[in-house]
Structure formats: C-alpha cells, structure tokens
Amino acid sequence: MKLVIVGTGYVGLITGACFAEFGYNVICVDKNNDRINKLNNAQCPFYEPGLENLLLKHLTVTKLLSFTNSLSEVVADADIIFITVGTPTKRVENQADLSAVWEVAEEIGKKIFNYTVVVTKSTVPVGTTLELKNILSSNLESDKFDVVSNPEFLREGSAINDFLRPDRIVIGTNSKKSENIMKELYRPLYLNETPIVFTNIETSEMIKYASNSFLATKISFINQIADLCEKVGANVNDVAKAMGMDKRIGSKFLHAGPGFGGSCFPKDIKAFVSTAKKYNIDFSILNAVNDSNAIRPINIAKKILESKKYKKGNTIAILGLSFKPNTNDVRDSTSLKIAKLLIKKGIKIKSYDPKAMNNAKLEINELIECKTAYEACESADAVIIATEWNEFRALDFKKIKEKAKKLVIYDLRNIYNPKELRDIGFEYYGIGT
Ligand code: UGA
Numbered sequence: 319m320k321l322v323i324v325g326t327g328y329v330g331l332i333t334g335a336c337f338a339e340f341g342y343n344v345i346c347v348d349k350n351n352d353r354i355n356k357l358n359n360a361q362c363p364f365y366e367p368g369l370e371n372l373l374l375k376h377l378t379v380t381k382l383l384s385f386t387n388s389l390s391e392v393v394a395d396a397d398i399i400f401i402t403v404g405t406p407t408k409r410v411e412n413q414a415d416l417s418a419v420w421e422v423a424e425e426i427g428k429k430i431f432n433y434t435v436v437v438t439k440s441t442v443p444v445g446t447t448l449e450l451k452n453i454l455s456s457n458l459e460s461d462k463f464d465v466v467s468n469p470e471f472l473r474e475g476s477a478i479n480d481f482l483r484p485d486r487i488v489i490g491t492n493s494k495k496s497e498n499i500m501k502e503l504y505r506p507l508y509l510n511e512t513p514i515v516f517t518n519i520e521t522s523e524m525i526k527y528a529s530n531s532f533l534a535t536k537i538s539f540i541n542q543i544a545d546l547c548e549k550v551g552a553n554v555n556d557v558a559k560a561m562g563m564d565k566r567i568g569s570k571f572l573h574a575g576p577g578f579g580g581s582c583f584p585k586d587i588k589a590f591v592s593t594a595k596k597y598n599i600d601f602s603i604l605n606a607v608n609d610s611n612a613i614r615p616i617n618i619a620k621k622i623l624e625s626k627k628y629k630k631g632n633t634i635a636i637l638g639l640s641f642k643p644n645t646n647d648v649r650d651s652t653s654l655k656i657a658k659l660l661i662k663k664g665i666k667i668k669s670y671d672p673k674a675m676n677n678a679k680l681e682i683n684e685l686i687e688c689k690t691a692y693e694a695c696e697s698a699d700a701v702i703i704a705t706e707w708n709e710f711r712a713l714d715f716k717k718i719k720e721k722a723k724k725l726v727i728y729d730l731r732n733i734y735n736p737k738e739l740r741d742i743g744f745e746y747y748g749i750g751t
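For the sequence shown, the numbering used here assigns the number 319 to the initial residue and increments by one for each residue that follows.
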C-alpha cells in the first residue's frame, strides 16, 4: 500500500514514521521547504523521544519513508492520502480554522486518477470530512474516491508508543470499500488485538472531541477539588488515588496541577464549544472547564506572589517550561503563563528546561537561561517545579539548600513529599495538599 501524508506536524510525522515501521511505503508532504530539507536529513522539527531514530531507519535503511514539498506529484500514486495539516483556533468565534484542509482538498482533487481513500486524521469538527467530500466531488467522479475519518489519540512525549500500541482505533466510513482498505491498513495492530471501532463519519469526528474534552474535564475537576482540599485540610493526592481505585472513575488524568496546556486540549475544547453553540446545544460543562482552566495559572501566580509578598527585584527559579515532560512544546504552557505574570510584577525568572529552553525564550525573552536545575536555583528567593520532567523527580535538595537564597518550594505537580522537604528546612507549597 502506498500512503501519502499531507502535513508534517506532530500527527503527520508520527503517523508517517509509524506506518513505515509497519512496512508501508510512505511519502510525507509539506509545503515548508526548509522543514522538508531537514527531514530528508532525518532532522526532526521538534523533540519527541524515539522519532529521530525511526526517521533515520526508514529514510536510510528500509527506504520506506520519503519527504517532498510537491503534493501534486505524489497524489496520483497514492492508495490512501492522510490529511494531517494544522487546525488552529480561528481568531474569531474560537472555531477551528480549516483553511489548510480545504487547500489540500482543492489540490488533491485535481490529481487523483485511480480510486483513492482520503482520510482526515487532523482533529476536525463534525461535518468536516463530508464537506471535504463535497470539495473533492467538484473535481472527481464519485467512484474515484471515498472519504474516511480516522482521528489520532497519541500524546506528545509518548507518541510512538501511543501510535504503535493504541487503546483503540476509530474509523468512520460511509462505504464498505474504504472500510476494508482501512481494515487492511491497520491489520498489523488488529493482529495485536487492538480494538477497532467502525462507525459513521460524524461519530468518528465526534469521538475525538468528546475524548479530549472528557480528559480535560477530569483534570479541571480534580484541580477544583484540589482548591477545596487546601482550604479544608484534605490531601488531593489521596483523594484522587482513592477515587481512581473505583474502576468506574479510573486513576488516569486525575493529577492536580497548574491546569492543562498544550496544542490540543485548549484548542479542541474551544472548537467543540463553538460547534455546540452552532447547533444551540448547552455545553455549560465545557464552558466551565475552559474558564476554570484559563483562570488557574492566574490564580496560582497570585497565590505565589501573596504567599511570601515577593517584590520587584526578587528572583524565582522555574524548573520546567514545556507544557508537559518529554517534549519541547511550549504551546499554551501553564509554566510560561505563570512566568509571564511573575515577570510583569518585576520578578526575575531564572529557568531551566531539559528541552524547551529555546522555544520558551522565543516566547519570553526576559527568561534567564540556566544550564541545570541547580544553576537556576542559585540565589533564588523561591523555586517553582512547573513540569514533572524525570530529572526533577529526584533533585538533591541539600545542594539546593546551599545555593538558594531562601528555602521555598512551589511544587505545582505534587512530585515531592512535603514532610521530607520540610524536614530539610524548606517551606513547601503543593497543589491541594
Ligand atoms: C492530548 C491527549 O491526551 C491525546 O490523546 C490526544 O491525541 C492529543 O491531546 C491530541 O488531541 O492531539 P497531549 O496534548 O499530548 O495529548 O498531552 P496530555 O498528556 O493529554 O496532557 C495535556 C495537558 O494536561 C498537559 O498540560 C498535562 O500536564 C495536563 N494534565 C494531564 C494534568 O494536568 N493532569 C493530568 O492528570 C493529566
């Protein structure tokens, strides 16, 4: 099977590399020449564990993977075309901006000659895949193509594993022919007993938004519980642990923290709310999730500033700038939001992140860049642990005690035992503890 993947962002590159790993011939397309040149040298545009090795393997050893900037040249040979272009939030009305999807549709419609399956893998609002069909129909006979919705559920930082060992695959089709082709495509996973859910196209598109929204709701829920825990002397870690033991609730995505970030949850919730509004459906739950998550970093920064009455010229160390560990992605990073608010109050921010320093500096020039966590803590009036990178999980606090000016820790990911740090002499603030 020959696959063409249009768009070399997160979803596109992981999908391309992993389908090559299955043994398929894959061509990834992007109109960004610089990106394509780098990819042809196995240079990944972002940090994702294991991805560069996989690119290298399939570019140079198996030669199953290639990159080009010319979509029109590769369309005719494809059995399946995946659309994995970005769908950012529009400036007005919070809808998903689908202009990149439509652009691809116009271009491929003119170049398909033999039957081809066109798949939306980007996260797209309900109705998009059928609208894609309409656009393709203006250039193509109906027996020359089918459209399919096949959303992706991978997480940054563990994307390859998520792709190769997913909890489920969702495929929305409206023809038996395309359903069989997609079944064949995912046969390597089917053999591993990965469940495949076949459904209609609208349902498949809806599953993606409903899944992300539910996970985001779980996080916002436990974050508000954490706020109450702080007031009444309860411990949110124990609350979440015991709640999670109930199989109906489950323990995942119940870690209280500074709020969710990243390129997906914030954008997808806004787009989902916008879809509901269009159909006059009350989505008050998701509106509340959106609002409570937006205010969270503001409240946390306020709490930090008030806890010790920090003033202009004080220095705070921030450990972790990416929106989560194992990525250099700083999109909607709560860590950066908090940093910006503290900088606004005249606080100097010394910061360290294992991978996201460069991206963070592009967003906040005032960040003082440090080469290690310990360098960041030097002469600091307080230390904020903002992202739970593994290397922050076993910091040498005796060393930090020698370096820091004041012994105050804000552990926004609850990765430390408060008593242990207090015993060493630190003033410890967690979330909901
Ligand atoms: C998310 C979903 O988990 C993926 O299934 C989905 O495919 C992806 O969006 C997408 O739509 O492309 P991702 O954004 O990579 O993946 O990251 P998550 O691991 O879901 O974390 C999102 C945010 O929630 C992070 O800021 C994280 O720190 C926060 N979080 C997560 C919590 O605060 N508490 C938790 O218990 C879990």
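Every residue, glycine too, gets a C-beta built ideally from N, C-alpha and C.
Being a predicted model, the structure only gives us computed values, none of them experimental.
Report task. Could you tell me which of Asn553, Asp741 and Lys663 sits nearest to Asn632, measuring between CA atoms? Result -> Nearest to Asn632 by alpha-carbon distance, out of Asn553, Asp741 and Lys663, is Lys663.
Query raised in the report: Taking the Cβ atom as the reference point for each residue, do Thr447 and Ile519 lie within a distance shorter than 9 Å?
Result: One thing to note: Thr447 has its Cβ within 9 Å of the Cβ of Ile519.
Query - Sheet register partners of Val701 (DSSP bridge) - result: Note: Val701 is bridge-paired with Ala635 and Ile727 in the DSSP secondary-structure output.
Query raised in the report: Can we count Lys642 as close to the ligand UGA, meaning its CB is less than 8 Å from some heavy atom?
Result: Yes; taking the cut-off as 8 Å, the Cβ of Lys642 has a heavy atom of the ligand UGA nearer than that.
Requested in this report: Starting from Ile769, follow its DSSP beta bridges and name the residues at the other end.
Outcome: Nothing in the structure corresponds to residue 769, since the chain is present only between 319 and 751.
Requested in this report: Return helix, strand or coil for Gly490, following the three-state DSSP convention.
Outcome: DSSP places Gly490 in the strand class (E or B) of the three-state scheme.
Requested in this report: Identify whether Ser388 lies in helix, strand or coil by the three-state DSSP scheme.
Outcome: Coil.
**Report entry** Contacting residues, own chain, Cβ-Cβ under 8 Å from Leu394 (five flanking each side not counted)
**Finding:** Checking the sequence, you will find Ala at residue 394 rather than Leu. Hits under 8 Å: Lys429, Ile430, Phe431 and Asn432.
Query raised in the report: So, do the region 376-386 and the region 541-556 have three or more beta carbon pairs nearer to each other than 8 Å?
Result: Flag = no, the region 376-386 and the region 541-556 do not touch.
Query - Any non-hydrogen atom of the ligand UGA closer than 8 Å to Cys336 Cβ - result: No.
Report task. For Leu739, count neighbouring C-beta atoms within 10 Å of its own C-beta (all shown protein chains included) and say buried if the count is 16 or more, exposed if not. Result -> Buried, because 16 or more other Cβ atoms sit within 10 Å of the Cβ of Leu739.
**Report entry** Coarse secondary structure for Asp556, derived from DSSP in three states
**Finding:** DSSP, reduced to helix, strand and coil, places Asp556 within a helical segment of the structure shown.
Query raised in the report: Hey, quick one: how far does the beta strand (DSSP E) through Glu706 stretch, first residue to last?
Result: Bounds of any beta strand (DSSP E) do not take in Glu706, whose DSSP letter is neither H nor E.
Requested in this report: Rounded to whole angstroms, what's the CA-CA distance from Phe529 to Glu681? Just pull it up for me.
Outcome: Per the sequence shown, the amino acid found at residue 529 is Ser instead of Phe. Distance between Ser529 and Glu681, taken at the CA atoms: about 30 Å.
**Report entry** Buried or exposed (CB count within 10 angstroms, at least 16 for buried), Ser496
**Finding:** Burial call: buried.
Query raised in the report: Are the beta-carbon atoms of Lys655 and Ile686 separated by less than 9 Å?
Result: No, these two residues do not count as a Cβ contact at 9 Å.
Query - Run of the beta strand (DSSP E) containing Ser651, from where it starts to where it stops - result: For Ser651, there is no enclosing beta strand (DSSP E), as DSSP marks it with neither H nor E.
Query raised in the report: Nearest CA to the CA of Trp420: which residue from Thr491, Cys336, Thr386 and Gly325?
Result: Of the listed residues, the one whose Cα sits closest to Trp420 is Gly325.
Requested in this report: Assuming Ala698 contacts Ala635 (C-beta within less than 8 Å), just tell me the rounded distance between them.
Outcome: Indeed they touch by this definition, with Cβ atoms about 4 Å apart.
Report task. Look up Lys381 in the DSSP assignment and say whether it is helix, strand or coil. Result -> If DSSP states are grouped into helix, strand and coil, Lys381 belongs with coil.
**Report entry** Boundaries of the alpha helix (DSSP H) in which Ser467 is found, first to last residue
**Finding:** Unbroken run through Ser467 is the beta strand (DSSP E), Phe463 to Ser467; no alpha helix (DSSP H).
Query raised in the report: In the region 539-592, which residue ranges form an unbroken alpha helix (DSSP H) of at least 4 residues, counting only runs that do not cross its ends?
Result: The region 539-592 contains, as complete alpha helix (DSSP H) runs of 4+ residues, the segments 554-562 (chain order).
**Report entry** Terminal residues of the beta strand (DSSP E) in which Ile345 lies
**Finding:** Note, Ile345: beta strand (DSSP E), Asn343 to Val347.
Requested in this report: List the endpoints of the continuous beta strand (DSSP E) containing Phe516.
Outcome: Residues Ile514 to Thr517.
Query raised in the report: Looking at C-alpha atoms only, which residue of Gly562, Phe539 and Ser592 is the closest neighbour of Pro576?
Result: Nearest C-alpha to Pro576: Phe539.
Requested in this report: Starting from Leu458, trace the beta strand (DSSP E) both ways and give me its first and last residue.
Outcome: Note, Leu458: premise wrong, no beta strand (DSSP E); not H, not E.
Query raised in the report: Which class does Val324 belong to by DSSP, given the choice of helix, strand or coil?
Result: Of the three classes helix, strand and coil, the one that applies to Val324 here is strand, per DSSP.
Query raised in the report: What's the C-alpha gap between Phe571 and Arg473?
Result: A straight-line Cα-Cα distance of about 13 Å links Phe571 and Arg473.
Query raised in the report: Taking C-alpha atoms, which residue in Thr405, Val344 and Gly368 lies nearest to Phe590?
Result: Of the listed residues, the one whose Cα sits closest to Phe590 is Thr405.
Query raised in the report: Can we count Cys547 as close to the ligand UGA, meaning its CB is less than 8 Å from some heavy atom?
Result: Flag unset: Cβ of Cys547 not near the ligand UGA.
**Report entry** For Val419, the first and last residue of its enclosing alpha helix (DSSP H)
**Finding:** Annotation: the continuous alpha helix (DSSP H) that includes Val419 extends over Ser417 to Gly427.
Query raised in the report: Exposed or buried, what is Asn677 when buried is set at 16 or more other beta-carbons lying within 10 Å of its beta-carbon?
Result: Taking all protein chains in view, the Cβ of Asn677 is crowded by 16 or more other Cβ atoms within 10 Å, so the residue is classified as buried.
Requested in this report: Look at the alpha carbon of Thr318 and the alpha carbon of Val701, and state the distance between them as a whole number of angstroms.
Outcome: Past the edges of the chain, shown from 319 to 751, lies residue 318, and the structure says nothing about it.
Query raised in the report: Is any heavy atom in the ligand UGA found nearer than 8 Å to the beta carbon of Pro576?
Result: Pro576: yes, Cβ under 8 Å from the ligand UGA.
**Report entry** Whole-number beta carbon distance between Gly750 and Thr652, since they are thought to touch under 8 Å
**Finding:** The pair is not a contact, with the Cβ atoms about 15 Å apart (cut-off 8 Å).
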